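Here's the structure we're looking at; comments come further down.
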Amino acid sequence: MPVPSNLSVTRNAARRRHRFGPWLALASLLSVMTVVLALAYWLWQPATLRIAVGPAGSDDQMLVLAIARAFDAKAGSVRLVPVQSDGTLQSLNLLATGKADLAVARGDLTMPPDASSVAILRRNFVVLWAPGGRKGAAKSKVTDIAALSGRRIGMVGLGDANPNLLRVILAESGVNPQKVTITQFGTDHISEMIQDPMLDAFMMVGARDDKTIAETIAATTRLRGEPKFLPVDVSEAIAERHPLYESEEIPTGAFAATPQRPDDKIETIAVNHLIVAQTSLSEDAVAAFTRELFIARPALAKELPGASHIQKPDTDKDAALPAHPGAAAYIDGNERSFMDKYSDYIWGVVLLLSGLGSVAAWLRHYLRREERSENALHRDRLLKAISSVREASSLSDLAAMQRAADDILRETLVCHEDGAIEDGDLAAFGLVLAQFHQAIVDQRAEIARTADAEAMKSDSAALQPFSISTAAR
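Counting with the working numbering, you get residues 82 to 554 for the letters of the sequence shown.
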């Protein structure tokens with residue numbers, strides 16, 4: 082059997098395979114790496130949350146800016162972007178219109194329909210007091226809330242929140258709110274308020290350790306005598322009928338140590354100052370924000386003492402303003418694990434990679450179709466060569482056929498190693514090759530027997546004249 086003429090074609094196919102094979106493998110590797118890197122970037126990209134807070138320069142804004150700096154310094158899973166507003170009402174409007182993800186507001190304001198609490202920044206207490214009167218002057222007749230009927234009250238804070246709260250207190254205390262005149266002052270006009278002799282009492286709402294409240298009470302004392310604090314005796318009833326309010330106590334000495342102001346604990350009403358979000362906001366993002374906030378709180382409290390008031394919201398389902406599901410998951414310890422969050426994405430990537438692998442395998446199979454076809458031709462040629470081997474008449478012809486078969490075997494093994502042909506094809510080729518080798522062995526034996534027979538016949542013919550001459554003698 083001569084060396085197959087198209088064996089060079091197979092070698093050319095092998096060269097093409099070696100030329101395109103590395104590029105195909107590189108392309109597949111780059112595709113997988115691109116998918117993995119894109120997924121990793123998406124999973125570990127920090128969530129960016131916009132928080133509406135105001136007005137400019139307020140304690141709320143200072144605290145939010147400090148929280149944003151703490152998040153940036155930690156480089157955690159959340160970034161906080163403050164959005165300045167004119168006040169809590171505008172903050173809630175920005176939240177409702179989707180221009181902010183979070184907002185800082187008092188809990189007794191009208192919230193967007195889908196709002197939920199994320200954290201309590203502080204608890205604001207109602208402080209009501211009447212001036213005691215200057216020395217030598219008649220003391221104030223306002224000794225309790227019932228005595229406020231027909232009086233004028235100076236109130237710190239603009240907007241409707243504080244007047245509405247006072248009206249609730251008055252109504253529950255049996256005082257007609259229409260008979261009480263309210264005059265509101267901004268925080269930059271407190272001195273005017275305490276100097277107004279027409280005012281019979283004052284009201285402020287703020288944190289228990291609010292310096293502005295303590296300074297205002299001290300200034301009132303200097304100008305108009307020792308204050309008389311007015312307790313809200315119906316605080317529990319108010320809390321029961323108005324779930325956004327809570328019954329609280331102002332402890333002794335909350336506003337001054339010497340002399341103690343107040344000199345005894347006072348019943349009052351408290352309202353939460355909150356960070357709120359739309360319930361539709363991502364649970365994972367809110368859970369991450371809540372977690373980062375409470376991790377950063379101890380460090381924030383060293384920078385801003387007001388940060389120590391940050392508390393976890395009420396996670397009860399029947400709360401007046403329910404906690405956001407993400408915040409509740411963190412607080413209740415029900416946060417989803419990594420697999421819970423991303424198992425769907427991981428399986429999606431697995432399926433995608435499986436699909437890419439199938440495509441790569443098909444492409445590889447397609448590009449090697451010529452090699453498989455040529456290998457099948459070689460197998461058929463070996464099968465046909467068995468007949469030629471049995472007709473060979475010389476060992477040199479058998480040697481040439483064996484060399485050709487060795488070349489085919491070498492090429493077939495290379496194709497198998499590269500995946501061009503499968504195990505089943507190689508097994509079929511092996512059967513044909515075994516038959517071919519057996520035919521070679523048999524034919525060599527046959528040629529050797531024929532050669533021996535001819536040699537013996539030749540020897541017999543040479544010896545025959547010698548035998549005749551011997552007999553003649």
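Quick reminder that beta carbons are idealized off the backbone N, C-alpha and C, glycines included. The model shown is predicted, which means the values in this text are computed figures rather than measured ones.
CA nearest to the CA of residue i, picked from the options
i: P324; options: L514, L190, I391 and S468; result: L190
i: L355; options: L175, A534 and A196; result: A196
i: F375; options: I391, S361 and S363; result: I391
i: E330; options: N205, Q171, P406 and M236; result: N205
i: V159; options: F370, M482, L464 and S474; result: F370
i: L507; options: E492, A466 and Q171; result: E492
i: A299; options: M143, V440 and Q341; result: Q341
i: R525; options: S477, S541 and K538; result: S477
i: A181; options: Q126, R187 and V134; result: V134
i: R187; options: M236, Y326 and R248; result: Y326
i: M482; options: V223, A400, F517 and L130; result: F517
i: F310; options: Q165, M192, T224 and A137; result: T224
i: V522; options: L494, A473, G511 and A536; result: A473
i: S139; options: L130, R150, A149 and S166; result: S166
i: V249; options: G240, E273, S316 and L458; result: S316
i: L130; options: I148, A400, D141 and R203; result: I148
i: D291; options: E273, L304, R303 and T268; result: T268
i: S454; options: G429, S439, L432 and C496; result: C496
i: G505; options: G214, A457 and A228; result: A457
i: S254; options: R232, I226, D241 and V237; result: I226
Integer Cβ distance of residue i from residue j, believed to fall under 8 Å
i: L146; j: P163; result: 6 Å
i: G387; j: A288; result: 7 Å
i: A366; j: A156; result: That belief does not hold up - the Cβ atoms of A366 and A156 are roughly 16 Å apart, past 8 Å.
i: G306; j: P212; result: 6 Å
i: V256; j: S230; result: 5 Å
i: L463; j: A486; result: 6 Å
i: A520; j: R471; result: 6 Å
i: A337; j: A295; result: 7 Å
Sub-8 Å separation of residue i and residue j beta-carbons
i: L490; j: L514; result: yes
i: I319; j: I275; result: no
i: L209; j: M279; result: no
i: A358; j: L183; result: yes
i: E389; j: A380; result: For clarity, residue 389 is Ser in the given sequence; the question names Glu instead. The answer is no: Cβ separation not under 8 Å.
i: L246; j: V261; result: no
i: V286; j: V185; result: no
i: F152; j: E503; result: no
i: P308; j: I347; result: no
i: I263; j: I234; result: yes
i: R460; j: A509; result: yes
i: I412; j: K393; result: yes
i: T333; j: D345; result: yes
i: N353; j: I132; result: no
i: S198; j: L362; result: no
i: T396; j: A409; result: yes
i: L144; j: L385; result: yes
i: P193; j: L173; result: yes
i: L304; j: Q265; result: no
i: G414; j: E364; result: no
Per DSSP, cross-strand counterpart(s) of residue i
i: Y326; result: V352
i: K309; result: A211
i: T264; result: G235
i: M285; result: V208
i: Q392; result: I201
i: T129; result: R160
i: A338; result: A338 is not bridged to any residue.
i: V357; result: A184 and S198
i: A404; result: S198
i: I331; result: I347
i: P134; result: Position check: residue 134 holds Val in this sequence, whereas Pro was assumed. Q165, per the DSSP bridge assignment.
C-beta neighbour in chain C for residue i, strict 8 Å
i: V162; result: Within the model displayed, chain C is absent; a lone protein chain is all it includes.
Length at least 3, wholly inside the region 190-256: the beta strand (DSSP E) runs in chain order: 196-211 and 233-237
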